[in-house]
Amino acid sequence: MTRAAVLNILGGPLEIRDVTLFDPGPDQVVVRTEAIPFCSTDHKSANGELDKVPPTVLGHTVVGYVEDVGATVANVAPGDHVVVPGTPECRKCFYCGIGRPDQCSELFDQGGIFPTVGTLDDGRTFTAAGNVGGYAERVLVSKNQVWRLESDLPNTHLSMLGCGITTGVGAVLETAKVTPGSSVAIVGAGHLGQWMVQGSRIADAERIVVIDPHRERRSLALALGATDVVDPADADPLEVIRSLTQDRGVDYAFEAAGPEDAFTTAFTLTRRAGTVVYTGFHRLGAQVTLPAGPLALHGRTLHSVQNGRISMGAFIPKLTHLMNIGALDARPILSTTYPLASINDALSASRTYTDVCGIVEPQK
Numbered sequence: 019m020t021r022a023a024v025l026n027i028l029g030g031p032l033e034i035r036d037v038t039l040f041d042p043g044p045d046q047v048v049v050r051t052e053a054i055p056f057c058s059t060d061h062k063s064a065n066g067e068l069d070k071v072p073p074t075v076l077g078h079t080v081v082g083y084v085e086d087v088g089a090t091v092a093n094v095a096p097g098d099h100v101v102v103p104g105t106p107e108c109r110k111c112f113y114c115g116i117g118r119p120d121q122c123s124e125l126f127d128q129g130g131i132f133p134t135v136g137t138l139d140d141g142r143t144f145t146a147a148g149n150v151g152g153y154a155e156r157v158l159v160s161k162n163q164v165w166r167l168e169s170d171l172p173n174t175h176l177s178m179l180g181c182g183i184t185t186g187v188g189a190v191l192e193t194a195k196v197t198p199g200s201s202v203a204i205v206g207a208g209h210l211g212q213w214m215v216q217g218s219r220i221a222d223a224e225r226i227v228v229i230d231p232h233r234e235r236r237s238l239a240l241a242l243g244a245t246d247v248v249d250p251a252d253a254d255p256l257e258v259i260r261s262l263t264q265d266r267g268v269d270y271a272f273e274a275a276g277p278e279d280a281f282t283t284a285f286t287l288t289r290r291a292g293t294v295v296y297t298g299f300h301r302l303g304a305q306v307t308l309p310a311g312p313l314a315l316h317g318r319t320l321h322s323v324q325n326g327r328i329s330m331g332a333f334i335p336k337l338t339h340l341m342n343i344g345a346l347d348a349r350p351i352l353s354t355t356y357p358l359a360s361i362n363d364a365l366s367a368s369r370t371y372t373d374v375c376g377i378v379e380p381q382k
């Protein structure tokens, strides 16, 4: 028996319930969860915007310690300190075979159905949203998404590895491959955007411009390495960008906000032959409008990025090293910590954009 925050009714509060996880199958791992970042996608899921089917446990990445493993598991052992991202890396499917584990079939070719991992106290089964179901004292996950950690940093910091850091820093360093001396625009200064700022700083970008309507988030971006910030209510981001880039536009633009107009903004801020990277969305079926002429004629490269478009096995050790030496700093991004019993406070803070990144600690 363990506790979990269950989404039982779309739009309702998360319910702290006693649950029973299934015993691990041959290729499964049980992890005792220590910290989980509360992602904005979770409040959208709780609202019913992302097609989650109750009863389910949200939370798509955790940090913790391995408690039990299935018979064929060889990559981790009980007692190991691990991170569990939502993206598996099976190394067997078509997408892993072409070097795109971010599109692994174990995540995307299951018909939109998340794994059933246990039973509630009323006998009903429940699923692990995002293949993790992290808002729980323990999770039952595939061995293909469990990675050992080598770090003495707090689990509250390391928990950001599996979502915000992999996605934000991965988008900058691995997908766009931002070059020294270049110019960068980041649309949105939430969890992902702040990690993009740090990634751009590591890449030695000369100009890092952040667009966000929230004053506190703009201030944080400046503290983390942004050279300029823009409140879109006070100034036209395109005019500001043009004034800073000899009227060309930036070399790289990153969308880290979600609304459809953010996609258009990121595109228009980018110069001809520039690079645009998309990481967010507010609704699964939303339609995005881009200007046909510049799209066809101006040679921009457009990337969509899921969890950084990285190999977790190769990149997580690099990211952990950058955290260990202080090049990536989670401290300013961590807003509030919550015990599992207060998870609805984290949900509320995410909905109102009070937290940049709240962290849930299920063992407290």
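Numbering (the working numbering), first residue to last: 19 to 382. Backbone N, C-alpha and C fix where the C-beta goes; we use that ideal spot for every residue, glycine too. If you're wondering where the values come from, they're calculated on a predicted model, not measured in any experiment.
What residue range does the beta strand (DSSP E) around residue i cover?
| i | result |
| --- | --- |
| G82 | 80-87 |
| Q46 | 46-56 |
| L4 | Nothing in the structure corresponds to residue 4, since the chain is present only between 19 and 382. |
| Y113 | Here Y113 belongs to no beta strand (DSSP E); instead the alpha helix (DSSP H) covers 112-115. |
| H321 | 319-322 |
In whole angstroms, what is the alpha-carbon distance linking residue i and residue j?
| i | j | result |
| --- | --- | --- |
| C57 | I27 | 19 angstroms |
| R118 | V323 | 11 angstroms |
| L191 | D222 | 11 angstroms |
| L315 | G292 | 12 angstroms |
| S201 | L256 | 14 angstroms |
| G30 | L240 | 36 angstroms |
| Q381 | V49 | 12 angstroms |
| T372 | F299 | 19 angstroms |
| A304 | A194 | 24 angstroms |
Using a 10 Å radius around the Cβ and a threshold of 16 neighbouring Cβ atoms, would you call residue i buried or exposed?
| i | result |
| --- | --- |
| T105 | buried |
| H61 | buried |
| Q212 | buried |
| T74 | buried |
| G151 | buried |
| G206 | buried |
| V164 | buried |
| K161 | buried |
| G344 | exposed |
| A359 | exposed |
| I351 | buried |
| I328 | buried |
| E107 | buried |
Give me the residue from the options with the minimum Cα distance to residue i.
| i | options | result |
| --- | --- | --- |
| I259 | T283, C122, L167 | T283 |
| D69 | G317, H321, G148, A364 | G148 |
| R109 | V135, M330, I377 | M330 |
| L176 | M341, E124, P96 | M341 |
| L242 | V100, L256, Q216, N173 | Q216 |
| G88 | G43, T185, D36 | G43 |
| T174 | S368, P357, T370, N362 | P357 |
| Y270 | H99, V374, I204 | I204 |
| D416 | F132, S201, I328, V81 | This structure cannot settle anything about residue 416, because the visible part of the chain is limited to 19 through 382. |
| G182 | L32, H321, T38, T59 | T59 |
| T184 | S123, H339, P96 | H339 |
| M214 | C111, R369, T51, L238 | L238 |
| E52 | A64, V84, S63, D41 | V84 |
| T245 | R266, P277, V227, D98 | V227 |
| G278 | L308, R266, D120 | With the sequence shown as reference, residue 278 is identified as Glu, and Gly is not the correct amino acid for it. With distances taken between Cα atoms, E278 lies closest to L308. |
Am I right that residue i and residue j are in contact with their C-beta atoms under 8 angstroms? What's the rounded C-beta distance?
| i | j | result |
| --- | --- | --- |
| A280 | T297 | Going by Cβ atoms, the distance from A280 to T297 rounds to 10 angstroms, so no, they are not a contact pair. |
| R349 | E67 | Rounded, the Cβ-Cβ distance is 31 angstroms, inconsistent with contact. |
| E379 | T355 | 6 angstroms |
| G208 | R235 | 7 angstroms |
| L262 | R225 | 6 angstroms |
| T20 | R156 | 5 angstroms |
| I54 | Y153 | 6 angstroms |
| V268 | L287 | 6 angstroms |
| V187 | I334 | Contact flag wrong, Cβ pair sits at about 11 angstroms. |
Quick one: does the C-beta of residue i sit closer than 7 angstroms to a heavy atom of the ligand NAD?
| i | result |
| --- | --- |
| P44 | Although the ligand NAD was asked about, the structure shown includes no ligands whatsoever. |
Name the two residues that bound the continuous alpha helix (DSSP H) containing residue i.
| i | result |
| --- | --- |
| R219 | 209-220 |
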